[in-house]
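Q:
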């Protein structure tokens with residue numbers, strides 16, 4: 046009886062465990078130990094006490110080490126997935142709602158804040174050229190000349206030429222014009238036409254072929270209307286030594302005899318050595334402003350409307366485009382002063398016979414390039430200053446000299462009586478002397 050009671054109490058254990066197992070299976074958890082206590086389906090209800098005792102003994106034995114429960118890991122992963130999904134869905138919905146509530150604004154380029162600094166004046170402003178032309182246009186004229194030539198049979202023939210000129214000085218009863226010597230060379234008559242169409246005769250005061258400069262004079266009495274004379278003003282001089290490559294250049298002249306024409310460009314080089322007659326090299330301003338036949342003698346202006354050069358020649362070559370030249374006004378001033386005063390130029394000289402010492406010979410001798418003095422004449426500025434044969438002149442009046450042509454070119458723009466500093470190389474050492482220019486004997 047005691048055995049039946051014990052069995053009756055124990056009979057509930059498999060049933061309770063089976064319910065517990067069902068719960069565990071629902072969540073995906075099973076253990077091998079629980080499965081061992083499950084009552085078989087075909088088990089005999091009338092089992093011996095020994096069998097019951099065997100089951101009880103097995104139940105009382107210590108449980109072996111439990112294996113890693115794969116089911117619990119699955120539950121954990123499931124719960125994490127649910128948590129992430131619910132959180133992401135809520136957050137995403139919130140963001141979507143926030144975006145939906147905002148109005149879409151088109152992108153705009155940020156605008157810079159207004160600056161309080163002084164604005165930079167750009168030389169390419171259209172009104173700049175217009176203002177300059179308005180101020181100086183009437184002072185730049187067209188020049189027409191009559192020249193007498195000969196035909197192929199030697200018969201006299203009357204011809205015409207055209208060029209340009211610039212009013213550089215105004216006096217009580219006269220206007221003085223600067224132009225190129227080749228414009229009026231051989232002219233029998235000269236006429237000047239202003240921008241407004243007024244035409245008056247001109248008188249030649251003087252010309253210098255070596256610098257290609259000439260000065261003309263207009264008289265008040267030759268103007269039919271005195272008011273036409275009064276309103277003509279001179280063009281202000283600039284400083285050609287301050288010209289820099291890249292600056293604005295404005296050329297005004299009379300191309301092809303069509304009347305005043307304006308072109309604009311830049312200064313391509315402020316100092317370009319050009320050989321004019323094979324005897325000397327002159328330093329000219331190079332510009333890409335269009336200078337065509339007839340522009341010779343016209344004005345080259347800076348962006349302030351100041352005269353910085355007299356247009357003189359243009360390289361005419363099918364391979365060359367946009368290269369024009371002008372005589373720097375600083376070089377022209379001493380020449381025009383002499384033409385106004387004397388009608389001609391007293392050409393200075395220093396009294397040397399020299400030759401160009403090129404790079405090859407200079408390198409072989411271990412001396413700088415320059416002008417090698419072959420002979421120094423007696424009673425000349427060079428001899429009086431202490432120059433000697435064998436000296437190498439490398440600098441003349443602050444300008445680097447490498448050829449005899451360049452040295453002569455410097456002389457042609459100097460005045461008689463000027464003091465010039467000459468630097469050079471002698472006996473493996475540098476030297477410096479000061480000499481006073483004298484007038485050439487053939488003048």
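In my numbering, the protein residues as written are 46 to 488. Virtual Cβ for every residue (Gly too), placed ideally from N, Cα, C. These numbers come from a predicted model, not from an experiment.
Would you grab the beta carbon distance between residue 281 and residue 352 for me? Rounded to a whole angstrom, and I think it's under 8 Å.
A: The residue labelled residue 281 in the question sits at position 236 within the chain shown. The residue labelled residue 352 in the question sits at position 307 within the chain shown. At roughly 7 Å, the Cβ-Cβ gap stays under 8 Å, so residue 281 and residue 352 are in contact.
Q: Taking 8 Å as the cut-off, decide whether the C-beta atoms of residue 260 and residue 381 are in contact.
A: Start at 1 with the first residue of the chain shown, and residue 260 comes out as number 215. Start at 1 with the first residue of the chain shown, and residue 381 comes out as number 336. Their beta carbons are under 8 Å apart, which means residue 260 touches residue 381 by this criterion.
Q: Residue 394 bridges to which residues according to DSSP?
A: Residue mapping note: residue 394 aligns to position 349 of the chain shown, counting from 1. Residue 394 pairs with 483.
Q: Using CA coordinates, which residue listed in 337, 236 and 420 is at the minimum distance from residue 264?
A: In the chain shown, residue 264 corresponds to position 219, counting from 1. Looking at the Cα atoms, 236 is the closest of the given residues.
Q: Find out if the Cβ-Cβ distance for the pair residue 343, residue 372 is shorter than 8 Å.
A: Translated into positions along the chain shown, residue 343 becomes position 298. Translated into positions along the chain shown, residue 372 becomes position 327. Contact flag unset, no.
Q: May I ask which residues mark the beginning and end of the alpha helix (DSSP H) holding residue 228?
A: If you number the chain shown from 1, residue 228 lands on position 183. From DSSP, the alpha helix (DSSP H) with residue 228 extends over 226-229.
Q: Indicate the three-state DSSP secondary structure (helix, strand or coil) for residue 278 in the structure shown.
A: Residue mapping note: residue 278 aligns to position 233 of the chain shown, counting from 1. Coil at residue 278, not helix or strand.
Q: Less than 8 Å between C-beta atoms, sequence neighbours within five positions excluded: which residues of the same chain meet that for residue 160?
A: Start at 1 with the first residue of the chain shown, and residue 160 comes out as number 115. Only weak support is given to the placement of residue 160: the predicted model assigns it a pLDDT of 47, under 50, and the question is left unresolved by the model.
Q: In angstroms, rounded to a whole number, what distance separates the CA positions of residue 413 and residue 375?
A: The count along the chain shown starts at 1 and reaches residue 413 at position 368. The count along the chain shown starts at 1 and reaches residue 375 at position 330. Taking the straight line joining both Cα atoms gives about 29 Å.
Q: Output needed for residue 13: all residues of its chain with C-beta closer than 6 Å, excluding positions within five of it in sequence on either side, in chain order.
A: With the chain covering only 46 through 488, there is no way to say anything about residue 13.
Q: Can you name the residues that DSSP bridges to residue 252?
A: Mapped onto the chain shown, residue 252 falls at position 207. 259.
Q: Taking the alpha carbon of residue 341 as the reference point, which residue from 227, 479 and 417 has its own alpha carbon closest?
A: Counted from its first residue, the chain shown places residue 341 at position 296. Of the candidates 227, 479 and 417, the one whose C-alpha sits nearest the C-alpha of residue 341 is 227.
Q: Given a threshold of 16 other Cβ atoms within 10 Å of its Cβ, counted over all protein chains shown, does residue 416 qualify as buried or as exposed?
A: Along the chain shown, one-based indexing puts residue 416 at 371. Residue 416 comes out buried.
Q: Any idea which residues DSSP pairs residue 422 with across the strands?
A: Along the chain shown, one-based indexing puts residue 422 at 377. According to DSSP, residue 422 bridges with nothing at all.
Q: Hey, residue 319 and residue 290 are a contact pair by Cβ (cut 8 Å); roughly how many whole angstroms apart?
A: Residue 319 sits at position 274 when you count from the first residue of the chain shown. Residue 290 sits at position 245 when you count from the first residue of the chain shown. So it is not a contact: roughly 16 Å between Cβ atoms.
Q: Sorted by chain position, which residues of the same chain lie with C-beta nearer than 6 Å to residue 231's C-beta, five sequence neighbours on each side aside?
A: Translated into the one-based positions of the chain shown, residue 231 becomes position 186. For residue 231, where only same-chain residues beyond five positions count, the Cβ hits under 6 Å are 192.
Q: Do you know whose CA, among 483, 441 and 430, lies nearest residue 463's CA?
A: As a first step, residue 463 must be located in the chain shown, where it is residue number 418. Of the listed residues, the one whose Cα sits closest to residue 463 is 483.
Q: Do residue 453 and residue 397 have their beta-carbon atoms positioned less than 8 Å apart in this structure?
A: One-based indexing of the chain shown puts residue 397 at position 352. One-based indexing of the chain shown puts residue 453 at position 408. The answer is no: Cβ separation not under 8 Å.
Q: Would you grab the beta carbon distance between residue 203 and residue 211 for me? Rounded to a whole angstrom, and I think it's under 8 Å.
A: Your numbering for residue 203 matches position 158 in the chain shown. Your numbering for residue 211 matches position 166 in the chain shown. That pair is no contact at about 27 Å.
Q: For the alpha helix (DSSP H) holding residue 490, just list the boundary residues, first then last.
A: Any question about residue 490 goes unanswered here, given that the chain covers just 46 to 488.
Q: Kindly indicate which residue of 335, 233, 377 and 277 has the alpha-carbon position closest to the one of residue 258.
A: As a first step, residue 258 must be located in the chain shown, where it is residue number 213. Looking at the Cα atoms, 377 is the closest of the given residues.
Q: Find the nearest neighbour of residue 357 within the set 338, 348, 349 and 350, judged by alpha-carbon distance.
A: By 1-based counting over the chain shown, the position of residue 357 is 312. Out of 338, 348, 349 and 350, 338 has the C-alpha closest to the C-alpha of residue 357.
Q: The alpha helix (DSSP H) that contains residue 243, what's its start and end?
A: Taking the chain shown and counting its residues from 1, the one referred to as residue 243 is at position 198. Element bounds for residue 243: n/a, residue is neither H nor E.
Q: Exposed or buried, which one is residue 480 when buried takes at least 16 other CB atoms within 10 Å?
A: Numbered from 1 along the chain shown, position 435 holds the residue referred to as residue 480. With 16 or more other Cβ atoms within 10 Å, it is buried.
Q: Should residue 419 be labelled buried (16 or more other beta-carbon atoms within 10 Å of its own) or exposed?
A: As a first step, residue 419 is located in the chain shown; it is residue number 374 there, counting from the start. Classification of residue 419: exposed, given that the 10 Å Cβ count is below 16.
Q: Using C-beta distances below 6 Å, list every residue in its chain close to residue 490, excluding the 5 sequence neighbours before and after it, in chain order.
A: Absent from the structure is residue 490, since the part of the chain shown begins at 46 and ends at 488.
Q: Among the residues of its own chain, which have a CB less than 6 Å from the CB of residue 477, if the five just before and after it don't count?
A: What you label residue 477 is simply residue 432 of the chain shown in a count that begins at 1. Around residue 477: 468.
Q: Using the rule of at least 16 other Cβ atoms within 10 Å of the residue's Cβ for burial, across every protein chain shown, is residue 443 buried or exposed?
A: Taking the chain shown and counting its residues from 1, the one referred to as residue 443 is at position 398. Exposed is the call here.
Q: Between the alpha carbons of residue 522 and residue 395, how many angstroms are there, rounded?
A: The structure shown does not extend to residue 522, since the chain is modelled only from 46 to 488, so the question has no answer here.
Q: Which same chain residues, not among the five before or five after residue 213, have their C-beta less than 8 Å away from its C-beta?
A: One-based indexing of the chain shown puts residue 213 at position 168. Around residue 213: 221, 222, 223, 279, 280, 282, 352 and 381.
Q: In terms of DSSP beta bridges, what is residue 189 paired with?
A: The count along the chain shown starts at 1 and reaches residue 189 at position 144. Per DSSP, 207 and 236.
Q: Using 8 Å as the threshold, is the C-beta distance between residue 295 and residue 333 below it?
A: Translated into the one-based positions of the chain shown, residue 295 becomes position 250. Translated into the one-based positions of the chain shown, residue 333 becomes position 288. Not closer than 8 Å, so no.
Q: For residue 405, which of helix, strand or coil comes out of DSSP?
A: Residue numbering aside, residue 405 sits at position 360 when the chain shown is read from its first letter. Three-state DSSP puts residue 405 in a helix.
Q: Are the beta-carbon atoms belonging to residue 209 and residue 299 less than 8 Å from one another?
A: Within the chain shown, residue 209 is the residue found at index 164, counting from 1. Within the chain shown, residue 299 is the residue found at index 254, counting from 1. Yes.
Q: To the nearest angstrom, how far is the alpha carbon of residue 288 from that of residue 335?
A: Reading the chain shown from its first residue, position 243 is the one you call residue 288. Reading the chain shown from its first residue, position 290 is the one you call residue 335. Cα to Cα, the separation comes out at about 18 Å.
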